[in-house]
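Take a look at the structure set out below.
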Amino acid sequence: MTHSPMSWSLEVVVVPVSDIDAAKAFYADKLGFAVDHDTVINENVRIVQLTPPGSGCSIVIGKGAVPDMPPGSLQGLQLVVPDIEAAHAQLVERGVDVSEVQRLGENPQPMPHPLDNVGFVFFSDPDGNGWGVQQISTRAQTGVPIAPVT
Numbered sequence: 001m002t003h004s005p006m007s008w009s010l011e012v013v014v015v016p017v018s019d020i021d022a023a024k025a026f027y028a029d030k031l032g033f034a035v036d037h038d039t040v041i042n043e044n045v046r047i048v049q050l051t052p053p054g055s056g057c058s059i060v061i062g063k064g065a066v067p068d069m070p071p072g073s074l075q076g077l078q079l080v081v082p083d084i085e086a087a088h089a090q091l092v093e094r095g096v097d098v099s100e101v102q103r104l105g106e107n108p109q110p111m112p113h114p115l116d117n118v119g120f121v122f123f124s125d126p127d128g129n130g131w132g133v134q135q136i137s138t139r140a141q142t143g144v145p146i147a148p149v150t
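Oh and the sequence shown: position 5 is 5 in full-length UniProt numbering, straight run, nothing missing.
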């Protein structure tokens with residue numbers, strides 16, 4: 001019996017936080033994530049789902065119905081943007097404590113922009129969950145441009 005390839009899609013990542021309202025404000029107001037829903041089931045259960053602009057994957061913060069992880073313990077979350085310099089400027093303008101643009105390594109093949117694949121900035125949320133932002137304007141495997149969010 002052969003199976004045709006199935007599409008597997010990352011949909012939600014739980015981000016452990018200590019203060020749901022402060023985290024919601026950070027992700028929505030400082031990072032520009034859309035608040036998909038803020039659901040209070042009872043005094044012990046609250047789920048807030050937020051989605052980065054243009055992303056098919058959301059984050060969830062909350063209590064009660066999410067895995068119990070120490071706040072700030074999630075590291076290495078990564079966002080992708082077509083222009084790391086513009087993303088850096090936007091984060092600074094919104095008051096995010098973000099690193100300078102860093103070039104990490106060299107591209108193994110010519111890319112449309114010298115920072116593609118190797119241009120990064122880093123920041124943490126109020127609890128210390130660590131994020132990276134990487135520039136990818138064109139996927140190397142397909143040559144398909146990453147469309148900017150309008």
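C-beta atoms are modelled at their ideal positions from N, C-alpha and C, and glycine is treated no differently.
Are the Cβ atoms of residue i and residue j separated by less than 8 angstroms?
i      : j     : result
GLN134 : GLN78 : yes
VAL13  : ILE47 : no
PHE33  : PRO52 : yes
Please name the residue or residues paired with residue i in a DSSP beta bridge.
i     : result
VAL14 : VAL60
VAL48 : ASP38, ILE61
Please list the terminal residues of the continuous beta strand (DSSP E) segment that includes residue i.
i      : result
LEU115 : Counting along the chain, LEU115 falls outside any beta strand (DSSP E), and DSSP gives it neither H nor E.
ASP36  : 34-42
GLY119 : 119-124
VAL81  : 77-81
Terminal residues of the continuous alpha helix (DSSP H) containing residue i?
i      : result
ILE136 : No alpha helix (DSSP H) contains ILE136, which DSSP labels as neither H nor E.
GLN90  : 84-93
Using a Cβ-Cβ cut-off of 6 angstroms (strictly less than) and excluding sequence neighbours within five positions of residue i, which residues of its own chain qualify?
i      : result
PRO108 : none
LYS24  : VAL48
Should residue i be counted as a contact of the ligand GDP given a C-beta to heavy atom distance under 7 angstroms?
i     : result
GLY32 : For the ligand GDP, the structure offers nothing, since it holds no ligand at all.
(request) Count the C-beta pairs between the region 117-137 and the region 66-74 that are closer than 8 angstroms, then say yes if the count reaches three, no if not. (result) The region 117-137, when compared against the region 66-74, does touch it at the 8 angstroms Cβ threshold.
(message) For the region 84-101 against the region 37-45, do three or more pairs of beta-carbon atoms, one drawn from each stretch, fall closer than 8 angstroms, so that the two count as touching?
(response) At 8 angstroms Cβ cutoff, the stretches do not touch.
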